[in-house]
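*Asks:* All letters in the sequence shown, in the order written, are residues -18 to -1, 1 to 494 by mature numbering (1 follows the signal peptide of the UniProt record, and there is no 0). One structure coming up, written as structure tokens, with questions to follow.
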Amino acid sequence: MKLLILTINLFFYLECKCSEILYIQQMPSYSHYILCDKIVKGLLAKGHRVTLISPYSQKTQVENLKEIPLTKLKEESEAIKDKVDPTTFQNTFMSLVFDGGKHVLEDENVQKEIFKPGLHFDLIIIHKFGEELLTGLSYHFKAPYILLSTIGQSFVGSMQVGLPGVPAYLPDFLINISPEMCFFQRLINTVIIDSMLIYGYFFHFRKLDNDMQKFFPGAPSVSDLYFNVSLYLWNSHPSYGFSLPSVPNAIDVGGFHVSDPKPLPKDLKTILDGAKDGAIFFSLGSNVRAFSLPNETKDGILKSFSKLKQVVLWKFEDPELPNKPKNVHISKWYPQQDILAHPNVKLFITHGGLLSLTEAVYNGVPIIGIPVFGDQFYNVEEAVKQGYAYKVLYNEMNEKNFDKAIGEMLNNKKYYENMKEKSRVFHDRPVKPLDSTIYWIEYVIRHRGAPHLRSITANLSWIQLQLLDVYATLLVLLFIAFKCIQIVIRKIVNKICNCKSSKKEKTIKKTQ
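This is the structure:
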């Protein structure tokens, strides 16, 4: 009987702990899905049930996980990956990103599965960028929502949680400057950020309000929902960036996607074990296909690699690569984390995505960054300033520049030493980043949105937060004071002049 009661109590205890979570990964990028997948599996391991909306999905069915595929969004994103020109790729890709919320809510699978009567969720997790309309789901399900910023701390995210003075220390990641800005850079950054905020408040949000009412009749304004975020998870850490101000409901969880290394496939292990002079790993990520590079560029890279004693592993999507040297091995896929963990890997040539950069820091491997679009320019610029990276521009990939970059990285020990120090700092944490991520997600569920974590500055408008109303009032008062003083001085001067004039007239009359 006691065993039965204990079993029943345990059942109800576990049932209470189990929550229904809606996770929306609307970014059409597999690297973002990697982050999502790690969190989802962490939540499933704690007994929660997860409904996942994403362009990507698991290969096999997973218990307690319901997947709603964004098939059309995935097809559209795959169609642009062969665009070689970075500007064309970025413009097309970013248009998909910033319209991501609308793509999700208009999707047939989402309409069919999410808007069923009686459906309930305890929490909603949304990826940052293009999420404005998706915050309406928080109103629809009467549930708090968490944002995950895959690029770390951004000025938009900082404003959402109420951080003041953002343009002074946090640049827009699209303008390719470091947080350590000179006066001119702060001026440019302030103009750009304030212009974007003015556009966002007075045009973008108002435009989206119509769509919000279309999908969620009776919902509050986009602006109200947008700034009602319960928790912000930033995929960043001071070990590989700059230390920036924060608030209680914004948590650094950078590195949560990195796992302990798994055994390498036998053929790959043989190659790396035999690389007595070291190995170099080259990958441009999941959104850029190396085989689409111009032949001239590929030939220049191969000529540079052919001069090396090191083994080169190149993530290359085509099984055929003409003029490939003997020391170069290609594959359409490589286990990146496990390769970087091998002690013979001395250099990582990467596009500068934050996940790749994090994995390099985790394993202490210096990088050559070749940014293509988005936050990659900012990431690489930061890494160069921190002293563990060298930058090569995408349009300047050739034999000469590769020779120079690789030679500098392999022969100058400062990059290796700086990266090893960054790696030591990265690992020196009281709690593993994934455990911290899951803890704070569950914390928001336990405390029903955790409103006590929200900074009071989050309730201030942009005008109030930047003290623009105060400065405007002071300017008006100064102007009034100046005018009053001007009037008084003018009257005094006029009176003095009148007195002198009258005295002069009296003197003239006396002489006459």
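Backbone N, C-alpha and C fix where the C-beta goes; we use that ideal spot for every residue, glycine too. Just so you know, these numbers come straight off a predicted model, no measurement behind them.
Starting from T132, follow the alpha helix (DSSP H) in both directions and report where the run begins and ends.
*Replies:* Segment: none, T132 is in no alpha helix (DSSP H) and carries neither H nor E.
*Asks:* Jot down the residue ranges of each uninterrupted beta strand (DSSP E) in the stretch 266 to 303, minimum 3 residues, whole runs only, in chain order.
*Replies:* If we require 3 residues or more, the beta strand (DSSP E) runs fully inside the stretch 266 to 303 come out as 293 to 297.
*Asks:* If you draw a straight line from the alpha carbon of A454 to that of F461, how long is it in whole angstroms?
*Replies:* Going by the C-alpha atoms only, they are around 10 Å apart.
*Asks:* Mapping the DSSP letters down to three states, classify W315 as helix, strand or coil.
*Replies:* Note: W315 maps to coil in three-state DSSP.
*Asks:* Is P112 near W216, with beta carbons less than 8 Å apart?
*Replies:* Looking at the sequence shown, residue 112 is not Pro but Gly. Cβ atoms of G112 and W216: not closer than 8 Å.
*Asks:* Count the other CB atoms within 10 Å of the CB of G100; is the residue buried (16 or more) or exposed (fewer)?
*Replies:* Classification of G100: exposed, given that the 10 Å Cβ count is below 16.
*Asks:* Could you pull the start and end residues of the beta strand (DSSP E) that Y372 belongs to?
*Replies:* That run of the beta strand (DSSP E) goes 371 to 373.
*Asks:* Using the Cα positions of G256 and N326, report the straight-line distance between them to the nearest angstrom.
*Replies:* Roughly 9 Å between the two C-alpha positions.
*Asks:* In the structure shown, what three-state DSSP assignment does F408 receive?
*Replies:* F408 falls in the helix class under three-state DSSP.
*Asks:* With three or more beta-carbon pairs closer than 8 Å as the criterion, would you say the stretch 287 to 304 touches the stretch 219 to 238?
*Replies:* Because the criterion of three Cβ pairs below 8 Å is not met, the stretch 287 to 304 and the stretch 219 to 238 do not touch.
*Asks:* Assuming E95 and L190 form a contact by the criterion Cβ under 8 Å, report the distance between their Cβ atoms to the nearest whole angstrom.
*Replies:* Contact doesn't hold; Cβ gap of about 23 Å is too wide.
*Asks:* Can you give the Cα-Cα distance for S316 and F264, rounded to whole angstroms?
*Replies:* Looking at the sequence itself, residue 316 is Tyr, so the reference to Ser does not match. In a straight line, the C-alpha of Y316 is about 10 Å away from that of F264.
*Asks:* Report yes or no: do the stretch 392 to 404 and the stretch 340 to 351 share at least 3 C-beta pairs separated by less than 8 Å?
*Replies:* Verdict: yes, contact present.
*Asks:* Taking the C-alpha atoms as reference points, what is the distance between V32 and N394?
*Replies:* If you take the alpha carbons of V32 and N394, they lie about 48 Å apart.
*Asks:* What's the call for H239, buried or exposed, on a 16-neighbour Cβ count within 10 Å?
*Replies:* Answer is buried; the Cβ neighbour count reaches 16.
*Asks:* Are H311 and L295 closer than 8 Å when you measure CB to CB?
*Replies:* Contact: yes.
*Asks:* Output the distance between the C-alpha atoms of I474 and I445, rounded to the nearest integer angstrom.
*Replies:* Using only the alpha carbons, I get a separation of about 40 Å.
*Asks:* Which value, in whole angstroms, describes the spacing of the CA atoms of T117 and V426?
*Replies:* Their backbone Cα atoms lie some 16 Å apart in a straight line.
*Asks:* Going by Cα to Cα distance, which pick from P415, I350, V458, Y372 is closest to G24?
*Replies:* Checking every option, the nearest Cα to that of G24 belongs to P415.
*Asks:* Buried or exposed for K280, going by 16 or more other Cβ atoms inside 10 Å?
*Replies:* K280 is buried by the Cβ-count criterion.
*Asks:* Please return the same chain residues whose Cβ sits closer than 8 Å to the Cβ of R430, not counting the five positions on each side in sequence.
*Replies:* P126, listed in sequence order.
*Asks:* So I175 packs on Q167, CB below 8 Å; how close in whole Å?
*Replies:* The Cβ separation is near 12 Å, so there is no contact.
*Asks:* Is it buried or exposed for A27, if we count other Cβ within 10 angstroms and need 16 for buried?
*Replies:* Looking at its Cβ environment, which holds fewer than 16 other Cβ atoms inside 10 Å, A27 is exposed.
*Asks:* Taking only three categories from DSSP, how would you classify P51?
*Replies:* It is a strand residue.
*Asks:* Span of the alpha helix (DSSP H) holding K23?
*Replies:* Start and end: 12 to 27.
*Asks:* Rounded to a whole number of angstroms, what is the C-alpha to C-alpha distance between L152 and P304?
*Replies:* Each residue's Cα considered, the two are about 45 Å apart.
*Asks:* According to DSSP, is L4 helix, strand or coil?
*Replies:* Here L4 sits in strand by DSSP.
*Asks:* DSSP state of I159, grouped into three classes?
*Replies:* I159 falls in the coil class under three-state DSSP.
*Asks:* Taking DSSP as the reference, what is the three-state secondary structure of residue 529?
*Replies:* The requested residue 529 does not occur in the structure, where the chain is confined to residues -18 to 494.
*Asks:* Between residue 503 and the rest of its own chain, which residues show a CB-CB distance below 6 Å, the 5 nearest in sequence each way excluded?
*Replies:* Residue 503 lies beyond the stretch modelled for the chain, which goes from -18 to 494, so this question has no answer here.
*Asks:* Would the beta-carbon of L284 fall within 8 Å of that of K306?
*Replies:* Yes.
*Asks:* Could you give the DSSP three-state label for L457: helix, strand or coil?
*Replies:* Three-state DSSP puts L457 in a helix.
*Asks:* Could you tell me the distance, in whole angstroms, from the CA atom of C479 to the CA atom of I469?
*Replies:* Rounded to whole angstroms, C479 to I469 spans 15 Å at the Cα level.
*Asks:* I need the DSSP call for H109, collapsed to helix, strand or coil.
*Replies:* Here H109 sits in strand by DSSP.
*Asks:* I need the straight-line Cα distance from F197 to P245, nearest angstrom please.
*Replies:* Roughly 48 Å between the two C-alpha positions.
*Asks:* Beta carbon of P37, beta carbon of K56: below 8 Å?
*Replies:* The answer is yes: Cβ separation under 8 Å.
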